[in-house]
Amino acid sequence: MRASRLVSLLLLLQARGRMTAQELAEALEVSVRTVYRDVEALGASGVPVYADRGPAGGYRLLGGYRTRLTGMTSDEAAALFLAGVPGPAAELGLGAVLTAAELKLRAALPPDLAEQGDRIRQRFHLDAPGWFRDPEPTPHLTALAEAIWEERLVEVRYQRWKRPREVSRVLAPLGVVLKAGRWYLVARAGEQVRTYRVAAVLALTVRDERFDRPAEFDLVAFWREWTDRYERGVYRDEARVRVTAAALEFMAYVFPPAMSRAARAAAEAPDAHGWLHTTVPIESVRHGHTELLKLGAQVEVLAPAELRELMAASAHAMAAIYPAPADAPTGDSTVTR
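FYI, UniProt numbering numbers position 274 of the sequence shown as 274, with every residue one higher than the one before it.
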């Protein structure tokens with residue numbers, strides 16, 4: 001383990017230049033004290049590692065020093081072949097580049113490691129889109145990727161959910177993210193960094209003007225924070241309901257995870273007939289109406305009153321269309337799946 005970590009530390013300094021002990025510790029997932037010991041071990045073995053003091057200091061290799069310790073383990077080679085995602089790469093216009101890179105990697109590897117890559121490809125496959133969902137058309141994705149790489153401004157005509165539906169924006173594109181089969185653009189609009197569905201871009205013009213990419217911007221960190229904030233903020237209301245125990249279990253199959261988890265966490269003990277009270281987070285009354293209808297006669301909305309009235313209206317409208325059969329099930333029947 002330590003030998004592998006020393007090689008990783010050396011390659012980090014070679015690739016990134018000067019790094020502080022804290023940065024190395026975070027990258028290697030060890031303590032700062034362990035970094036101090038590892039740096040001493042490298043120095044003792046003849047590697048020219050130097051420490052610069054002061055606020056802008058850190059560890060660095062003597063200028064021009066390069067290591068040849070770049071051999072791969074079988075697990076590392078397998079991970080590289082597993083990381084090759086041909087679908088998204090092709091959408092970004094990099095399909096041929098990825099294929100060429102994999103061919104070069106395979107040719108450079110020893111036969112046993114190349115065979116490991118082939119075995120991985122035959123055993124693991126990533127299919128990003130969700131079930132029953134066709135991939136969204138993203139005709140402007142390749143041009144956006146090029147603009148991101150070249151740090152050029154783009155002018156987009158974009159369709160959004162609120163009025164006015166179509167708007168035009170000049171954006172500084174910072175990155176694209178593939179989430180559950182959908183591509184999102186992360187871009188700076190004025191002084192704010194926002195997200196846009198790539199499929200909602202109706203027209204795109206890449207300008208000749210360049211922009212300065214913020215040195216501190218981290219796409220992965222931004223996306224993680226944005227998705228957490230979105231998921232916390234999307235469910236602004238809640239519904240108090242009475243459901244069967246079977247319906248509570250069924251929620252995991254028909255509700256978004258955040259809704260079903262919260263409903264299960266808030267569930268009270270069932271009564272003698274298998275019914276219980278719980279609270280379900282909802283985006284709005286209309287959203288709650290759509291979602292709770294999936295449970296049929298296994299749910300009774302208690303509050304808010306507006307949602308209860310919508311559910312009652314739907315139930316009466318359906319009863320008018322479908323006359324009750326002679327052996328109609330009671331409200332205590334179970335949900336099947």
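Cβ coordinates follow ideal geometry from the N, Cα and C atoms, glycine included.
- For residue 23 and residue 212, the gap between their C-alpha atoms comes out near 24 angstroms.
- In this structure, residue 21 sits near residue 35, with a CB-CB distance shorter than 7 angstroms.
- The DSSP-derived three-state label of residue 204 is strand.
- Cβ-Cβ distances below 8 angstroms link residue 133 to 181 in the same chain, with the five nearest sequence neighbours on each side left out; the list follows chain order.
- Here residue 234 is actually not in contact with residue 191; their C-beta atoms are around 24 angstroms apart, not less than 8 angstroms.
- With a cutoff of 7 angstroms on beta-carbon distance, residue 204 and residue 159 are scored as not near each other.
- Of all alpha-carbon atoms in 156, 127, 208, the one lying nearest the alpha-carbon of residue 185 is that of 156.
- Spanning the alpha carbons of residue 140 and residue 168 requires a straight line of approximately 15 angstroms.
- Note that the C-beta distance between residue 187 and residue 164 is not below 7 angstroms.
- Below 8 angstroms, too few C-beta pairs join the stretch 250-265 and the stretch 213-225 to call them touching: fewer than three.
- Taking all protein chains shown into account, residue 315 has fewer than 16 neighbouring C-beta atoms within 10 Å of its C-beta and is therefore exposed.
- Scanning 196, 249, 207, 238 for the CA closest to the CA of residue 227 turns up 196.
- In this structure residue 302 touches residue 240 by the C-beta definition: roughly 5 angstroms separates them, less than 8 angstroms.
- The beta-bridge partner set that DSSP reports for residue 179 consists of 182.
- Look at residue 20 here: in three-state DSSP terms it is coil, with no helix or strand label.
- Assignment of residue 281 by DSSP, reduced to helix, strand and coil, places it in the strand class.
- Per the DSSP secondary-structure output, residue 159 pairs in a beta bridge with 166.
- Residue 234: member of the alpha helix (DSSP H) spanning 219-234, first to last residue.
- Here the alpha carbons of residue 91 and residue 323 stand approximately 51 angstroms from one another.
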